[in-house]
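Just so we're aligned, residue 370 is where the sequence shown starts under my numbering, counting upward by one. Backbone N, C-alpha and C define an ideal beta-carbon position, used for all residues, glycine too. Keep in mind it's a predicted model, so treat the numbers as computed, not measured. Below is one structure, written out as C-alpha cells; comments come after it.
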Amino acid sequence: DEKWLCESLISLGLNLSVVWQFIKMGNRISNVGDTRIIIVGGAPDKEPPEKRKRPKKCQENKIKTAKYTIYNFLPKNLYEQFRRIANAYFLVISAIALFIDSPVSPVTSLIPLVFVVTVTGAKQGYEDWLRHVADNAVNKAPVNVIRNGEDYDICCEEIRVGELVRVPRECEIPCDMLLLSSSDRDRCHVTTANLDGETNLKRLTVPKSLLSINVDQLVGTACIECQHPQPDLYTYYGKLDLCDDLRTTMELTENNLLLRGSRLKNTEWVIGCAIYTGKDTKLSLNSRITINKFSSSEKFINKFLIFYVVIMIFEVVVCYFMKRYYDLYGKFKWDQKTMQSHEHVSDVLQDIFSFLLLYNYLIPISLYVTIEMHKLIGSLYMEWDSHLYNSKLAENTLVNTSDLNEELGQVEILFSDKTGTLTKNEMHFQMCSIKGKTYKEDNGKLIPISFDNDTSNDPERLALNEHTKDVQEFFRTIALCHTVQVAEKKKSSTSVFTDSDNEYVDMPEYQASSPDEKALLEASYKFGFQFISEEAEELELRILNDADDSFTETEATESSEIDCSTDDDYFKIEKYQRLETLEFSSDRKRMSVIVQDESGEIHLLCKGAESAIFPLCTGDINSEKMAQTEKHIQEFSKKGLRTLAIGAKTITMEEYLEIKERLKLARSVMSGRRQTMLIKSYREIEEGLSLLGATAVEDALQDDIVDTVISLRQAGIKIWVLTGDKVETALNIAYSCGHINRGARHLLYIVDCKSEDECKTLLNQYAAEMARNRAADYNLVADGASLTIVLRSQPNEFREIAKQCFSVLCCRLSPMQKCQLVQLIKNTKSSPITCAIGDGANDVSMIQEAHIGLGIFGKEGRQAARCADLAFSEFRMLKRILLVHGHWYYQRLATLVQYFFYKNLVFMNIQMFFQISCMFSSQSIYDSTFLTLYNVIYTAFPVLILSLSEQKICDTQLMNDPKLYKKNRRHLLLRWPRFLQWTLLGTWHSLVIYVPTLVLWYNDTAILQEGRTGNLWCFGTTLFHCVVLVTNFKLWLYSKYQTYIFIISVLLSNATFVIFNIVYSLINVQIDGDMLGVYLQLLQSPTFWLLSIFVIITCLIPDYLIAALKEFLHKDKRQRIIISEGNGIRNYDEVVQTTVL
C-alpha cells in the first residue's frame, strides 16, 4: 500500500508539473506517451472573443467529408480519373493523334474521352457539393460555450479542445465531451442512433466527485488525462485531476463521455468539456473506415480487354507489314530512292500510330461509365422493391455498396449468424433452474416441472407468496443485476398476468441494450420482484410482501386477486445502492454489480454464460447442485432455449473497500494494459460465487425461415451457421430452421477436443469415412475451442472435410473466429464466392471479410447494417435478394459487357476490311463524326436501358424454382465460350455488312438517284448506316423482356442517327471529306434501302435461328418434365443444364 501510494503521488506530481508548463505556454492539449492531457477550460484568454486567433487544426472542431475544393477539384479529379487504364489509354491515343499526321481527326478520340471524363467529373462534383452543403450545415450550427464565466454563441467549428460547452435538450452533441454537470444532477440521457443505430435511451453519468463542485471552479484548476482518439465507440478511459488541497483524482470511463452525433433526451441541459473535436471524434474516425471490395466480374472484363488489346496490336502489326509489302511489291510500288527516304524511324512510327488510331475504337471507352451508371441506378431498384419493405419497421432495403450487385448472383457459400438472423432476437422467459429444481412460466406463474414427465406430481401453480427463499433470492438477483433503465411511464400495449388468471397490470417500459436482460426483468416483474425506478445509483424494487398475515395460501391460490399496480398492501419497497458495475464484454461473457441493501449488507451479483460462471463458483464445484444445474442447462439447450447462469455472494465492508481501491488502481492505468488489468481484477473480485441457478429464454425463429433455408440449399448455396451459442442450443435451432435434417444420420462432431493429436485423429477418421461413402450427406458440428486447435494445426484438412459437408454448424465462436472461417474458405483454390450475414457488432468482422456482406437491422444496434454492403430487415428477404435480384443483376451485367465488345468489334472489323481494299494505306472509311458519336450517342442508351430492365426469367419462376439460380454460377455468362459466341456473331455481322456493300460498289457505283456514282464517303456512310441499325436491332432481338422504354430507346437511337446525319449533310463543314448532301442522296436511293434491308435480315438470321433453337429445346424439355412429374420423377440438375439461355 505504501509503495502504491508513493507511485501515485509521484505520477500525480509529474502530471501536475506537465500541466503547469502548458498553462504557462497557453496550450490546451498535450500529447504525452499513450495519453493526452487537456486543461478544463484551457488557459485564460487575454484577448476578447472577437479578436481571438483561429484554433489550430489539431484543435478545431471543423468536420470535412468533402474531397475537393474549388481550387483543387479540376487537377485532383482529373488525376483520379486518369489513373484508370482505359482513360489513360485514350489520353495517350489523343496525344498521338495531335502529334502525327493522323488518318482521322484528333477530335474523334478527344470528344468521347472528354464526354466520359466530364460525365464522371460532373457526377463526382455534384456528390461532393452535397457533402460541402452537409458539412457547412454542421460546422455553422450555433453552439453555446462558457468562456471566462460568460456565455458566448459561436459556430460549431470554433469549439476548441478543453472548452466548456452547454447543450440544451433535444440537441445533438457537437463534439466528444466529458460530462461535468447536468440538470438531472448526476446523469443525462442520450440516443446514439446516428452512431450505432440503437434507438433506446442510454444513461451517462457525471463523475461522482464532481457532484458537489461548481463547473466554474474547474476552469484552469483541473486537467484531464485520457487516451488518444480511438474509433471504438464503447471504449474510453482517463482520469481527472483536481488541483485542490486533497489532490483529488477520479477515473473516467465511457459512461462519462458524450459522443458527437448523439442527441440529448429527457434532460434540460448538460455542460461538458470538449475532449475530442473535429476529425478526432469517434464519429469522424468511424466515418473514415471504408471497405474496399471488388466484384469478381471485373477480372473477366479485364481479360476481355486484354484479349481485344492483343487483337488490336495484332491488326496493327499485320497492317503495317502489309503496307510495307504493298510499298515494295504492289501495283504502285515506289522506286528505290523513295523507299530509302521512307525507312526513317519517324516514318515507321507514323505508319504504326496511324493504324493504332484507326483501330483504337476496338476498346470501348464508354464501357466503364455505363457500368457505373448501370450499378448506381440498378441498386435503386432493390431499394424500391416492395417485397423487400418491412411495414412494421418502416424499413426499406439499404444498398451501401452498389459495386457488388452482380455478386449476389454468384454466391456459393453463405455464412450466417444465428441470434437475430435466423431468429428474431425477441426473447421470452420460458424456464429456470433454481438450486437444482426446474420451473416453467405459465401466464405469470411459476410451475415446478420434472424433465422426466414434463410436469411434477403436483402441477399446482405457485402463488406469488409461495416462493421459497431460494426462488426469492434468484429473482431478486435478476431484478438487480442489470443496466436496464425504466422509461417514462406510459401505457403499455401489452399486459402481463398477476397472481390471478383474470387480472392484468401495465408493466413499465424497460430500455435495455440486450433483449435477454429485458426478458429476464419482465419475468421477474411477473413473479413479484419488480424493478420500478433508479435514481442516483439507487435501485428501487417492489417486492411481494411475504408476511404470514398478508393473505392465506388458500386465498392466494383460489380466489385472491392481487393488483400489482394499486394494492400496496401486498407489496413492500426495497432500496439498494449500486456501488459498482463490472461491465459485460464478449471476452468475459458475464457482468456483475455490487449493491448495498438497506441493512448495510453488500452483495456481488453476477450473471453470464455458464462457461464463465461455473469456474467462479469455487464452493459449488463438483456439488450436486452444480451437476443438476448443468444437466438442466443441457435440457434447456436441447429445446433450443438460450441460457444464462446466475451467481451471487455476500462481501464485507472491508472486502468492498479493498475491491474499490483495486478497481480504482486498474481504472487509473493510462495505457493499453488498462483493459487487461481490469479483466484480471474483475475475475479476482468475482471469485467464490454461490451458484443460484440458470435461466432459459426462447428466441423465436424468423418468419418463413424454413422455406428460405431450403430454397437457398436447392439453389446450390451451402450454408454455414456461425454462432456464439452452446452446441445443444444451436443444434436444436439448426433442426428447427431446416439447416440440418432431423433424420440426418451422418453427423460429424468436432467438439471438446483438447489436443492437436486428438483433432488430427478425428479429422483423419472423418476423411476416411467420407471417402468410403461419398454419396451420403454429411453434417459437421464444431465448437470454438476445438476450432482454435484445428485452425492452428490442420486448417487445410478441416477445410476439405467442411467443403464436402451438406451443412456446417460452428458454435461458441468469437467474432475473430467467425472472420477466420470466412477467410479460410474464401482463400481456397477454387475461390468460391462467399456471403456473410449477421445483425450484431460481433458479426462485423466476418461481414467485412466475405465477398459480399449482408446486414440485418438488429434489435441490439445497427453496426452490422452500417458495415454491410447491403442491409435489410428480415432473413426471409434473402431469398428474393439472391434468387431474383442476384440472378437479374448478373445476367444484365454480362449482357452489357459482351454487347459493348460486340458492337465495337463490328464497328472496327469493317475498318480493317477496308484496309485490304485500299492496300493498307491507313485511310479511314468512316467520317470523324461517326467515330466520335458511335459509342457516345448512337448505341449508348438502348444497352443501358436493357441492363436495367431485362428479365430472362420472371421473378415468380425464379422464386418457385430455386435451382434456376445454379445456371449462372461460376460466371457462366462471362466465360470464354459465351464471349467467343458474341465475337463470332460480331465477325459475321461485320462481314455481311461489308462484303455485299463492297460487291455492289465494285459492280456498279451508280447507286444514287439519276444514275450518279457514289464516292468514298457514300461508301463509308452506307457501311456506318448498316452498322448502327444492325447493332441496335441485334440488341432488340436479344432482349426477352421488352419494355416500352427499351423499344423507344432503340427506335429513338436509330432516329437520332438518321436526323443528325440529315442535318450534317445540309451543313457545309468538311472535317475529313466532303459530306455535303451525302446522306440525303443515299436516302433517296432505292438501291441503298434494298441493300440496308438485305444486310439487316442476313445479319440477324443466325441470331434468330439460335434464339428459336433455344426456345424449341426449352419447350421440349418442359414437356419431358411434365411427363416425368406425372411419373413422380424430376431431375432438377438436368433441367438447369438444358434451360440455360
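Please name the residue in N1142, V1159, K1187 and Q1083 whose C-alpha comes closest to that of C1122.
The option with the nearest alpha carbon to C1122 is V1159.
Test item: CB-CB of D545 and T434 under 8 Å
No; because the gap between Cβ atoms is not below 8 Å, this pair is not in contact.
Per DSSP, what kind of secondary structure is Q946 in: helix, strand or coil?
strand
So the beta strand (DSSP E) N513 belongs to, where does it begin and stop?
Taken as a continuous stretch (DSSP letters only), the beta strand (DSSP E) holding N513 covers P511 to R516.
Helix, strand or coil for C1468, going by three-state DSSP, please let me know.
helix
Rounded to the nearest angstrom, what separates I931 and I971 at their Cα positions?
Its pLDDT being 39, under 50, I931 is placed unreliably in this model, and the coordinates cannot settle the point.
According to DSSP, Y521 sits in a beta bridge with which residue or residues?
V514
Among residues of its own chain, excluding the 5 on either side of D1073, which ones have a beta-carbon nearer than 7 Å to its beta-carbon?
R1245
What's the gap between the Cα of R500 and the Cα of K744?
21 Å
Local conformation of I1048 per DSSP, three classes
Correct three-state label for I1048: helix.
Mind checking who Q880 pairs with in its DSSP beta bridge?
In the DSSP output, where bridge partners are listed per residue, Q880 has Q854.
Just checking D696 against the ligand NAD - is the residue's beta carbon closer than 7 Å to any of the ligand's heavy atoms?
No copy of the ligand NAD appears in this structure; indeed no ligand is present at all.
Ordered along the chain, which non-local residues of its own chain (more than five positions away) have a Cβ less than 8 Å from that of A457?
F451
Could you check if H558 is buried or exposed, using at least 16 other CB atoms within 10 Å of its CB as the buried criterion?
buried
Through-space distance from L447 to I1206, alpha-carbon basis:
38 Å
At a cut of 8 Å, does the region 730-747 reach the region 472-492 through at least three beta carbon pairs?
yes
How is H597 classed by DSSP in three states: helix, strand or coil?
Secondary structure of H597 (DSSP, three-state): coil.
Does the beta-carbon distance from V507 to V534 come in below 8 Å?
no
Local Cβ density within 10 Å of W753, reported as buried at 16 or more and exposed below that
With fewer than 16 other Cβ atoms within 10 Å, it is exposed.
For Y1268, I'd like the list of residues in its chain whose CB is within less than 7 Å of its CB, leaving aside the five on either flank, ordered along the chain.
V1312 and L1404
For a test of the three-state rule: what should DSSP assign to Y808, helix, strand or coil?
strand
What's the C-alpha gap between H713 and D720?
11 Å
Counting Cβ pairs closer than 8 Å, one from the region 684-701 and one from the region 1285-1295, do we hit at least three?
yes
Span of the beta strand (DSSP E) around D696
From DSSP, D696 is part of no beta strand (DSSP E) but of the alpha helix (DSSP H) over S666 to Y698.
Tell whether a beta-carbon distance below 8 Å holds between V1305 and I670.
no
Looking at I1119: is its Cβ nearer than 8 Å to the Cβ of M1139?
no
Per DSSP, what are the beta-bridge partners of L609 in this structure?
Answer is I593 and M619, bridged to L609.
Alpha carbon to alpha carbon, how far is P733 from K672? Give it in angstroms, no decimals.
Cα to Cα, K672 sits roughly 14 Å from P733.
Is N1526 helix, strand or coil by DSSP?
Residue 1526 falls outside the range modelled here, since the chain spans only 370 to 1510, and no answer is possible.
A1263 to Y695, Cα distance in whole Å?
42 Å
Own chain, CB closer than 7 Å to V768, minus 5 neighbours either side, in chain order:
S748, M751, E752 and L1239
Could you tell me which residues DSSP puts in a beta bridge with G641?
Looking at the DSSP assignment, G641 forms a beta bridge with V534 and L548.
Beta-carbon proximity list for R1261, same chain, < 6 Å, skipping 5 on both sides
S1316 and E1319
So what's M742 in DSSP terms, helix, strand or just coil?
Helix, per DSSP.
Does the distance from the CB of I1086 to the CB of G1107 come in under 8 Å?
no
Short check: CB of S1359 to CB of P472, under 8 Å?
no
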